[in-house]
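Enquirer:
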Amino acid sequence: MSDTIVISQVLLQGLMVGAMYGLIAFGMTMIFSTTGLLNFAHGGFLAVGMYLCVTLYAAFRMSPYISILITVPVLFGMGYFLYRYIVWKVLKIHIITAAQITLGLLWIIESSLSMIFGADIRSVPTTIGIQKVYLGPLTLSVPYIISFIVAIIVGIMLYWLMQRTDFGRSVRAVTQNRDAAELMGIRVVRIQTIVFGLGLALLGVCSPLIIAMVPTTPSVGLQFTLFAFIIMMLGGIGNFLGTVIAGLIFGVVDAYGRFFFTGYIASVIPYSLLVLVLLVRPRGLLGEK
Amino acid sequence: MFVVDTVAAGYGKSMVLQGVSLEVKEGECTCLIGANGAGKSTLMRVISGLLRSVSGEVSIDNIVLTGLPPNEIVDLGVIQVPEGRLIFPQMTVEENLLLGARNHRAKSEAYSSFEKVYTLFPVLKKRKNQRGGTLSGGEQQMLAIGRGLMAKPRILLLDEPSIGLSPLLVAEVFSVVQELIKESIGVLLVEQNVSAALNVSSYGYVLERGHSVLRGSSQELLEDESIKKHYLGN
Numbered sequence: 076m077s078d079t080i081v082i083s084q085v086l087l088q089g090l091m092v093g094a095m096y097g098l099i100a101f102g103m104t105m106i107f108s109t110t111g112l113l114n115f116a117h118g119g120f121l122a123v124g125m126y127l128c129v130t131l132y133a134a135f136r137m138s139p140y141i142s143i144l145i146t147v148p149v150l151f152g153m154g155y156f157l158y159r160y161i162v163w164k165v166l167k168i169h170i171i172t173a174a175q176i177t178l179g180l181l182w183i184i185e186s187s188l189s190m191i192f193g194a195d196i197r198s199v200p201t202t203i204g205i206q207k208v209y210l211g212p213l214t215l216s217v218p219y220i221i222s223f224i225v226a227i228i229v230g231i232m233l234y235w236l237m238q239r240t241d242f243g244r245s246v247r248a249v250t251q252n253r254d255a256a257e258l259m260g261i262r263v264v265r266i267q268t269i270v271f272g273l274g275l276a277l278l279g280v281c282s283p284l285i286i287a288m289v290p291t292t293p294s295v296g297l298q299f300t301l302f303a304f305i306i307m308m309l310g311g312i313g314n315f316l317g318t319v320i321a322g323l324i325f326g327v328v329d330a331y332g333r334f335f336f337t338g339y340i341a342s343v344i345p346y347s348l349l350v351l352v353l354l355v356r357p358r359g360l361l362g363e364k
Numbered sequence: 002m003f004v005v006d007t008v009a010a011g012y013g014k015s016m017v018l019q020g021v022s023l024e025v026k027e028g029e030c031t032c033l034i035g036a037n038g039a040g041k042s043t044l045m046r047v048i049s050g051l052l053r054s055v056s057g058e059v060s061i062d063n064i065v066l067t068g069l070p071p072n073e074i075v076d077l078g079v080i081q082v083p084e085g086r087l088i089f090p091q092m093t094v095e096e097n098l099l100l101g102a103r104n105h106r107a108k109s110e111a112y113s114s115f116e117k118v119y120t121l122f123p124v125l126k127k128r129k130n131q132r133g134g135t136l137s138g139g140e141q142q143m144l145a146i147g148r149g150l151m152a153k154p155r156i157l158l159l160d161e162p163s164i165g166l167s168p169l170l171v172a173e174v175f176s177v178v179q180e181l182i183k184e185s186i187g188v189l190l191v192e193q194n195v196s197a198a199l200n201v202s203s204y205g206y207v208l209e210r211g212h213s214v215l216r217g218s219s220q221e222l223l224e225d226e227s228i229k230k231h232y233l234g235n
């Protein structure tokens, strides 16, 4: 009996972290499908957001839930200007060069964070961090619930943006056929620039929330770039709904992996999941063509 | 009047177009014929701003298009229906059409444009909630033309609309061209299907290895000995 409770507890926790993973990977998928560029620095910018929260807390005792109002615009701006003034110009020359730049950026971010903050784990205490909610026999900590709710709200907003607005239609047009989009009068580079900003803004949403779930160290960057990449492949590259579902599955599998196994074996589990899924469905869960 | 004046362009060092000139009048269909590799599609890319020309000029009513980004060329009413249709396969027919009306002139009139396109191609209305990728080849071509019309073209560039279509469908697509001319749209029809193209157009140009080698009224071209020999196979 108590086993079922523990199992469901892990499931619930995995789903809630998975929702965060889904949003993080969603940004990477958006960027990849509109620009063709794999943003290796993606996780690095999540780390930037997390350390921004650490700094805001250290300086002003600002709660991460307030910092979100700062991390979102800051990361949007970073993405916007990075694409507009660097990535796009390199992308015109060769896509591999541009990918190399984002890879370099990941190391620059990690080293800078190590230099400024040191390699120790940082955390931001929140007043609600220790509060728990009891759902029958299950216990949930409040930060997990908050992040789950935020993920759902942001998910609905993204769906509306992509499906119901001119901007969303333009983004989808660019992902499906860049030349045709150009011929419709869509300013493709402008769309790509905004999408790059939006992809990073999603990290601005996630970083203050995930700080309660993941230890803040400079190396989270690489870890989350890999996670986002796996989730993107898992869901089917360029498939937005698939990415969200894959994020949830990834969260659950990872949670069970950590629960049943320890150390190295646990960290191998998510990768094994990717290999297994790709063996059965080479284009990912919802991949087409 | 839409004018292409001695345009030269290419990729890297290979010059595909070496001085191509042509004119399209509004309310008339002008055709551009030539074999595969003559440079027809390269010219289309130059006109729409996807490829920079090395020299020469493209203009509409004396407004120079050369060097403008594609969206400004679309704003001026020069609309391309690309070869291979290039519809958005995962979007519905309606969404595809809506994307055609993105430019400033067309946006506010999208509603009446929908009516027009659905009258011209009733099958698109029937399929409006279906994904573009699920349509047949002929329907996709109609969707591509419909999407072009949503943009309120003054000059419509039709790049190989007959490719991959049965003769019956080719006739249907070309009969639409007649309708467009009546609405004083200028049509530049780029075709390998020479006899069909010359029959629907009033003026024609022949492109060979990047040069415009022959021009004349479509009637004259149909009777031209070298055209008969090289393109009409008799």
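Residue numbers (our numbering), protein chains in the order written: chain X, 76 to 364; chain G, 2 to 235. By construction, the Cβ of each residue, glycine as well, lies at the ideal position given by its N, Cα and C atoms.
For G:R128, which residues from the same chain have a beta carbon less than 6 angstroms from its beta carbon, with the 5 sequence-adjacent residues on both sides left out?
Expert: Here the question's residue 128 of chain G lines up with position 127 in the second sequence. Once the five neighbours on either side are set aside, the close Cβ partners of G:R128 are V94.
Enquirer: May I ask you to report which of helix, strand or coil DSSP gives X:K207?
Expert: The sequence position of residue 207 of chain X within the first sequence is 132, counting from 1. If DSSP states are grouped into helix, strand and coil, X:K207 belongs with the strands.
Enquirer: Using CA atoms only, rank isn't needed, just tell me which of X:Q175, X:L360, X:V225, X:I106 is closest to X:G317.
Expert: For this step, residue 317 of chain X is matched to residue 242 along the first sequence. The residue with the shortest Cα to Cα distance from X:G317 is X:L360.
Enquirer: Hey, is G:G101's beta-carbon within less than 8 angstroms of any beta-carbon in chain X?
Expert: Reading the second sequence from its first residue, position 100 is the one you call residue 101 of chain G. Yes, contact with chain X.
Enquirer: Do G:L189 and G:V82 have their C-beta atoms closer together than 8 angstroms?
Expert: Counting from 1 along the second sequence, the entry for residue 189 of chain G is found at position 188. Counting from 1 along the second sequence, the entry for residue 82 of chain G is found at position 81. Cβ distance not < 8 angstroms, so G:L189 and G:V82 don't count as in contact.
Enquirer: Name the residues in the segment 260 to 276 of chain X whose C-beta lies less than 7 angstroms from a C-beta of chain G; which are they?
Expert: Taking 7 angstroms as the Cβ-Cβ cut-off against chain G, the residues of the segment 260 to 276 of chain X that qualify are G260, I261, R262.
Enquirer: Closest Cβ-Cβ distance between X:R247 and chain G: below 8 angstroms?
Expert: Here residue 247 of chain X refers to the residue found at position 172 of the first sequence. So yes, X:R247 belongs to the interface.
Enquirer: Determine the closest residue to G:S137 out of G:I61, G:R86, G:G50, with distance taken between C-alpha atoms.
Expert: In the second sequence, the residue the question calls residue 137 of chain G occupies position 136. Here the closest residue by C-alpha is G:R86.
Enquirer: Just to confirm the assignment, what range does the alpha helix (DSSP H) spanning G:E96 have?
Expert: Taking the second sequence and counting its residues from 1, one reaches residue 96 of chain G at position 95. Run containing G:E96: 94 to 101, per the alpha helix (DSSP H) assignment.
Enquirer: Is G:M143 close to chain X, meaning its C-beta is less than 8 angstroms from at least one C-beta of that chain?
Expert: The residue you call residue 143 of chain G lines up with position 142 of the second sequence. G:M143 does not count as touching chain X.
Enquirer: Mind pulling the chain X residues with CB within less than 7 angstroms of G:S49?
Expert: Reading the second sequence from its first residue, position 48 is the one you call residue 49 of chain G. Neighbours of G:S49 on chain X, chain order: L258.
Enquirer: Would you decide whether X:T214 is buried or exposed? Buried here means 16 or more other CB atoms lie within 10 Å of its CB.
Expert: If you number the first sequence from 1, residue 214 of chain X lands on position 139. Burial call: exposed.
Enquirer: Rank X:G338, X:F335, X:G311 by C-alpha distance to the C-alpha of X:L353 and give the top, closest one.
Expert: Here residue 353 of chain X is taken as the residue at index 278 of the first sequence, counted from 1. Comparing Cα positions, the closest option is X:G311.
Enquirer: Using a Cβ-Cβ cut-off of less than 9 angstroms, give me the residues of the segment 48 to 78 of chain G that come near chain X, in sequence order.
Expert: Residues S49, G50, L51, P70, P71, N72, E73, I74, V75, D76.
Enquirer: Along the alpha helix (DSSP H) that carries X:G124, what are the first and last residues, could you check?
Expert: For this step, residue 124 of chain X is matched to residue 49 along the first sequence. Per DSSP, X:G124 belongs to the alpha helix (DSSP H) from 117 to 135.
Enquirer: Determine, using beta carbons only, whether X:R244 comes closer than 8 angstroms to chain G.
Expert: Walking along the first sequence from the start, residue 244 of chain X turns up at place 169. Answer yes: the Cβ-Cβ gap between X:R244 and chain G drops below 8 angstroms somewhere.
Enquirer: What is the DSSP secondary structure of G:V5, counted as helix, strand or coil?
Expert: Translated into the one-based positions of the second sequence, residue 5 of chain G becomes position 4. The answer is strand: DSSP assigns G:V5 an E or B state.
Enquirer: Just curious, the beta strand (DSSP E) that X:S216 is in, first and last residue?
Expert: As a first step, residue 216 of chain X must be located in the first sequence, where it is residue number 141. Note, X:S216: beta strand (DSSP E), 213 to 216.
Enquirer: At a CB-CB cut-off below 7 angstroms, which residues of chain G make contact with X:N114?
Expert: For the purposes of this step, residue 114 of chain X is taken as the residue at position 39 of the first sequence. The contacting residues do not exist; X:N114 stays about 23 angstroms from chain G at best.
Enquirer: Specify, as a first and last residue, the run of the beta strand (DSSP E) that G:I34 falls within.
Expert: Indexing the second sequence from 1 puts residue 34 of chain G at position 33. Its beta strand (DSSP E) spans residues 30 to 34.
Enquirer: What number of angstroms, rounded off, separates the C-alpha of G:R53 from the C-alpha of G:E24?
Expert: Within the second sequence, numbered from 1, the residue matching residue 53 of chain G stands at position 52. Within the second sequence, numbered from 1, the residue matching residue 24 of chain G stands at position 23. Each residue's Cα considered, the two are about 20 angstroms apart.
Enquirer: Give a yes or no on whether the minimum CB-CB distance between G:Q91 and chain X is below 8 angstroms.
Expert: Locating residue 91 of chain G in the second sequence gives position 90, where the first residue counts as 1. Closer than 8 angstroms: yes.
Enquirer: In the segment 152 to 195 of chain X, which residue ranges form an unbroken alpha helix (DSSP H) of at least 4 residues, counting only runs that do not cross its ends?
Expert: If we require 4 residues or more, the alpha helix (DSSP H) runs fully inside the segment 152 to 195 of chain X come out as 163 to 168, 170 to 192.
Enquirer: Could you check which residue in X:L180, X:Q84, X:M307 has the C-alpha nearest to that of X:G371?
Expert: In the structure displayed, chain X extends from 76 to 364; residue 371 of chain X sits before or after that span and is not available.
Enquirer: Please state the DSSP three-state secondary structure of G:D160.
Expert: Here the question's residue 160 of chain G lines up with position 159 in the second sequence. In this structure, G:D160 counts as strand in the three-state DSSP scheme.
Enquirer: Shortest alpha-carbon distance to G:Q193 belongs to which of G:N72, G:Q220, G:L233?
Expert: Translated into positions along the second sequence, residue 193 of chain G becomes position 192. Taking only the C-alpha atoms, the option nearest G:Q193 is G:L233.
Enquirer: If we ignore side chains and look at the alpha-carbon of each, how far apart do X:L181 and X:A174 end up?
Expert: The sequence position of residue 181 of chain X within the first sequence is 106, counting from 1. The sequence position of residue 174 of chain X within the first sequence is 99, counting from 1. So the two alpha carbons sit approximately 11 angstroms from each other.
Enquirer: In chain X, which residues lie with their C-beta within 7 angstroms of the C-beta of G:P154?
Expert: Against the second sequence, residue 154 of chain G aligns to sequence position 153. Result: empty, since nearest Cβ-Cβ is about 11 angstroms, beyond 7 angstroms.
Enquirer: Residues of chain X with CB closer than 7 angstroms to the CB of G:Q81, please, in chain order.
Expert: Working through the second sequence from its first residue, we reach residue 81 of chain G at position 80. Residues of chain X passing the Cβ test: L258.
Enquirer: Is the Cβ of G:N104 closer than 8 angstroms to any Cβ of chain X?
Expert: Indexing the second sequence from 1 puts residue 104 of chain G at position 103. At least one chain X Cβ lies under 8 angstroms of G:N104.
Enquirer: Just how far apart, CA to CA, sit X:V246 and X:I261?
Expert: Here residue 246 of chain X refers to the residue found at position 171 of the first sequence. Here residue 261 of chain X refers to the residue found at position 186 of the first sequence. The alpha-carbon atoms of X:V246 and X:I261 are separated by roughly 9 angstroms.
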